[in-house]
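Numbering (UniProt numbering), first residue to last: 1 to 780.
Contents: one structure, followed by commentary.
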C-alpha cells in the first residue's frame, strides 16, 4: 500500500497546479489502489478514504510551498530602481552573445529584495570595455536594477513566470554601474560542483573551438544545454532524439553499470572483502555513488532525479535483502520528486521522463521470457516512440514520425560510444577522447540531419482539448497491455480521435483576431474559415532569438496553422519585422506584402530572397465572406517613405457583417488625419468595432480625429512590459476611454482575442489570455 500512497500523494501534490496533471496521474493511482497489503485487500470505501486524505495532504503541502515562495517577493516600490546587493553566483553562468546571465544568491538581502535573483550583465554598447569573467561560486557586490517576474502569455507559448517560480527566482534584473569581486570564502559543496562544471565547460570549449557539435558534448558531460544551437534543437525536435542530450536514466544507468562492474572486479580479487560483504552489495553501493556523482555533475535535472531515486530504492532493497517491484520504485521516485519540487510537473520533461519509464514497465509485463534481446529492445523503443504520442501532441503540437529510425542509430552510438568518451575527457586531462567523440557525433548527425530534412519527419497537430488528450493517454496505456486485454478496440478509437483532431476554425463569414503578446512590438493573426493572415512578426530578442521563433510559430502550431496565405509587414522597423526571417523559415507563406521604402524595407526584414509586394491604399480582397482592404499608404506616400518612416506603414481593415477591425501599424497623427479625410471624402465610413492602436499607444498616434471617426468598442495596445517609452501613453488611454472604448493591453493581459461572428447585429467577443488561462503565479 505504500506505493499506492506514494502515487496518490504525488497526484494530490499536482492538484494544486491544475486539473490536467491531476487527471493524468489519477489513471495511474486508480490502478494501484487495489493491491494487497499483509494478505488483505482494500475495500472500495477504504481506497476512497485513502485517496481523499492523501489528496488533501498533498494539496496542502503544495499550497504551503507556494505561499512560502510567493512571499519572498520584490517590494513594489523597489521595482525599476537601482539596489546595491552582495552575494554569490549560485549556478553555472549562461554565456550570451551580448553578455552573461547567472543565478545570484544574496547573503543578506536588503529589506524587500528576494534572496534568489536571476541577473544579466551586458557588455557596454560602445564595445570598448570587456566584461569580467563570472564563475560559479564567486562572491560579488554590484548595483542592480530589478523587476518582478514577468513573461509573455500566449496560446502554445512558454510560461516564463512558471519556470522562474520553479527555479526559485523571485526577481530578475541587470547589473548597472560599478561591480566588485569580493574575497573568496569557503562555499557550499554545490558551489564547488558548479565551479567544477564551469571548468569542464571552459576546457571543452577551448579544446573544440568552433566545431559544430561542441555544445552537444558539453551537454552530455555536465548537462549544460545552452551551447546547442537553435538549428540543432530543431533537428532534435524533428527526429525525436532530444532525450539523448538531456542526461537521464539512460546515461545514469550506463555510469552505474560501469562503476558496478569495476567495483565487482576489484572486490572479487580481495578475499577478505568478499568474506566481509557480498559482492553484489558492494557493486550496488559503487553504482549508486558513481551515478550520484554524475548526477551532481549534470545539474540534477528532473530525469536525473528520477533515475537516481529509482536506483537508490533498488539499492536500498538489495541491501535490506528485499525485492523492489518496478512499479513501486517508479511510484516512490514520483513521490520524492514532487515532494521536493511540487512545480516539477509543470515541465514537459517530468511527464516524458516518468511516462517513458511507465511505458517500459507496461511493455515488459506479461511478455514471453524467451524473446531475444534485440527483439525486446526494438519493441520497447518502438513502443516508447508511439506511446508518447498523446503527450507530445498535447505539449508540443507535433510528433516526430521518423523517431524510431533516428533513435535506432543514435541511441547506441551516443550511449555506448560518445558518452563514455566524453566522460573520460571530462575526468582526464586528455583531448583525444573529446576529438574522437566529436568525430563520431558528426558522422551520426549526418544520418539524423538527413532524416530531419525530409518533409514527413514531423507530423504537426493542432492543440487538442484536454479531455481528448487524456482519453488518448488512457487508450494508449490499454493498447500497450498484452494481447487479449479487453477494451483494445475502444482504446484504438480514442487514440485515432486524437490523431484526427483538426481544431475549431471560424465559421463561414466570421473571423478571429489574436493580438499576440510579443513585448514591445506587434504581431496579429487574422483567421477566417479557410485562410490565415499574419500582420507583422514581432521584435528581435537580443541577437540570437526573436518573436517569430519564440512566439509566432509556437502559437500557429497550437492553432493548427500549417500555411499562411498572406503575411503583411507594416514597415521596416525591427519591432515589427524582427521575427520575419524565422516565420519565413518555419512555415509556408503564399504571399508577402509590406509598407515602407522599397527595396530597403524588405532588406531590413531579411527577405531579400522573397518576392514582396507593396501594400497600397485601395488594394483588397475577400476570403470566406470576410473583406480585407488597405487604407494606407497611398502611392505618393509609399514613394516618399524612408526605411524607418512610421507614416509609410500599412493600415489594414478587416470587415464582415458583424463589424470591422482596424490595424493601424505605426502610423502617426498626420497619416491618421489623411486616412480620415480620404475615407470621409470618398463617402466612406471609418467606424470600427475594434482598433489595434497605432505605434503601441504612443502619444504621437491615436489622434482625436481618428478616435472620433472610429468610435470603437475596444482598442488593443501591443506594448512591452515596463517599456522605456511609456506605451501606451496615459493621454492616449484616456482619449480612447472617453470615447467609450474599453482599453486592452498585451503586456498585462497577455494575448488579446476578438471573435467577429458571421451575423449582423451579433456582438464581438473579446478575451485575454491571462483571463482565459489564469495561474496563481502570474503577476506575483
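Note that CB positions come from ideal geometry on N, CA and C, so glycine has one too.
Remember, it's a predicted structure, so these values are computed and weren't measured experimentally.
**Asked** With DSSP run on the structure shown, which of helix, strand or coil describes residue 6?
**Response** Note on residue 6: pLDDT 40, under 50, position unreliable in the model; no value is reported.
**Request:** Give me the Cβ distance between residue 93 and residue 134, rounded to the nearest whole Å; I'm assuming they're in contact under 8 Å.
**Result:** Yes, they are in contact, since the Cβ atoms of residue 93 and residue 134 sit about 5 Å apart, within 8 Å.
**Exposure of residue 649, with buried meaning 16 or more beta-carbon neighbours within 10 Å** = Under a 10 Å Cβ-count criterion, residue 649 is classified as buried, with 16 or more other Cβ atoms of the shown protein chains found around its own Cβ.
**Asked** Between the Cα of residue 627 and the Cα atoms of 345, 511, 727, which residue gives the shortest distance?
**Response** With distances taken between Cα atoms, residue 627 lies closest to 511.
**Request:** Pick helix, strand or coil for residue 67, following the three-state DSSP scheme.
**Result:** DSSP places residue 67 in helix when its eight states are reduced to three.
**Asked** residue 213: buried (16+ other C-beta within 10 angstroms of its C-beta) or exposed?
**Response** Counting Cβ neighbours within 10 Å, residue 213 comes out buried, since at least 16 surround it.
**Prompt:** Does the beta-carbon of residue 753 have 16 or more other beta-carbons within 10 angstroms, so that it is buried, or is it exposed?
**Reply:** That one is buried.
**Prompt:** From residue 505 to residue 528, what does the alpha carbon distance come to, in whole angstroms?
**Reply:** Taking the straight line joining both Cα atoms gives about 7 Å.
**Request:** Identify the continuous alpha helix (DSSP H) that holds residue 396 and give its terminal residues.
**Result:** 389 to 396 is the span of the alpha helix (DSSP H), which, as asked, contains residue 396.
**Rounded C-alpha distance that separates residue 773 from residue 394** = Answer to the nearest angstrom: the Cα atoms are 16 Å apart.
**Asked** Are residue 355 and residue 388 close, meaning C-beta to C-beta below 7 Å?
**Response** Using a Cβ distance threshold of 7 Å, residue 355 and residue 388 count as a contacting pair.
**Message:** Let me make sure I understand the geometry here. Which of 298, 717, 56, 149 has the alpha-carbon closest to that of residue 74?
**Reply:** Taking each of 298, 717, 56, 149 in turn and checking the Cα distance to residue 74, the smallest one comes out for 149.
**Request:** Would you mind stating whether residue 155 and residue 523 have Cβ atoms separated by less than 7 Å?
**Result:** With respect to the 7 Å criterion, residue 155 and residue 523 are not classified as neighbours on the basis of their beta carbons.
**Item:** Between the CA atoms of residue 448 and residue 398 - distance to the nearest angstrom
**Value:** Rounded to the nearest whole angstrom, the CA to CA distance from residue 398 to residue 448 is 18 Å.
**Message:** By alpha-carbon positions, which one of 708, 695, 713, 709 ends up nearest to residue 725?
**Reply:** Of 708, 695, 713, 709, the smallest CA-CA separation from residue 725 is found for 695.
**Request:** Ignoring anything shorter than 4 residues or poking outside the stretch 340 to 368, list the alpha helix (DSSP H) runs there in chain order.
**Result:** Qualifying alpha helix (DSSP H) stretches, in chain order: 348 to 363.
**Item:** residue 490 classed as buried or exposed, judged by whether at least 16 other C-beta atoms fall within 10 angstroms
**Value:** Burial call: exposed.
**Asked** Going by C-alpha distance, which of 104, 131, 72, 110 is nearest residue 98?
**Response** Nearest C-alpha to residue 98 among 104, 131, 72, 110: 131.
**Prompt:** Bridge partners of residue 104, per DSSP?
**Reply:** BP columns for residue 104 point to 89, 117.
**Item:** Per-residue DSSP class, three states only, for residue 238
**Value:** Three-state DSSP puts residue 238 in a helix.
**Request:** Report the three-state DSSP secondary structure of residue 157 (helix, strand or coil).
**Result:** Residue 157 falls in the coil class under three-state DSSP.
**Asked** Taking just the CA atoms, how far does residue 353 sit from residue 359?
**Response** Going by the C-alpha atoms only, they are around 10 Å apart.
**Item:** Contact under 7 Å by Cβ, residue 442 with residue 451
**Value:** No, Cβ-Cβ distance for residue 442 and residue 451 is not below 7 Å.
**Item:** Close-in-space but distant-in-sequence residues of the same chain around residue 264 (CB under 6 Å, 5 per side omitted)
**Value:** Counting only Cβ-Cβ distances below 6 Å, and skipping sequence neighbours, we find 279, 283.
**Item:** Whole-angstrom distance between residue 296 and residue 193, CA atom to CA atom
**Value:** Taking the CA atoms as reference points, residue 193 sits about 7 Å from residue 296.
**residue 614 versus residue 603: straight-line alpha-carbon distance, rounded** = Near 13 Å, if we compare the C-alpha coordinates of residue 603 and residue 614.
**Message:** Starting from residue 142, trace the beta strand (DSSP E) in both directions and tell me its first and last residue.
**Reply:** In this chain, the beta strand (DSSP E) harbouring residue 142 covers 139 to 147.
**Request:** Taking 7 Å as the cut-off, decide whether the C-beta atoms of residue 518 and residue 538 are in contact.
**Result:** Cβ distance < 7 Å, so residue 518 and residue 538 count as in contact.
**Request:** Following the continuous alpha helix (DSSP H) through residue 200, name the residue where it begins and the one where it ends.
**Result:** Residue 200 -> alpha helix (DSSP H) spans 189 to 208.
**Asked** From residue 281 to residue 272, what does the alpha carbon distance come to, in whole angstroms?
**Response** Taking the straight line from one Cα to the other gives about 15 Å.
**Endpoints, the beta strand (DSSP E) within which residue 742 is located** = Residue range 742 to 745 is occupied by the beta strand (DSSP E) that includes residue 742.
**Beta-bridge pairing of residue 751 - partner residues as DSSP gives them** = Beta-bridge annotation (DSSP): residue 751 is not paired with any residue.
**Environment of residue 166 [buried if 16+ CB atoms lie within 10 Å]** = Around the Cβ of residue 166, a 10 Å sphere holds 16 or more other Cβ atoms; the residue is buried.
**Request:** Taking 7 Å as the cut-off, decide whether the C-beta atoms of residue 82 and residue 176 are in contact.
**Result:** Going by beta carbons, residue 82 and residue 176 fall inside the 7 Å limit.
**Environment of residue 516 [buried if 16+ CB atoms lie within 10 Å]** = Buried, since its Cβ has 16 or more Cβ neighbours within 10 Å.
**Request:** Report, in whole angstroms, the separation of the C-beta atoms of residue 751 and residue 514, which I expect to be a contact under 8 Å.
**Result:** With a Cβ gap of about 6 Å, residue 751 and residue 514 count as contacting.
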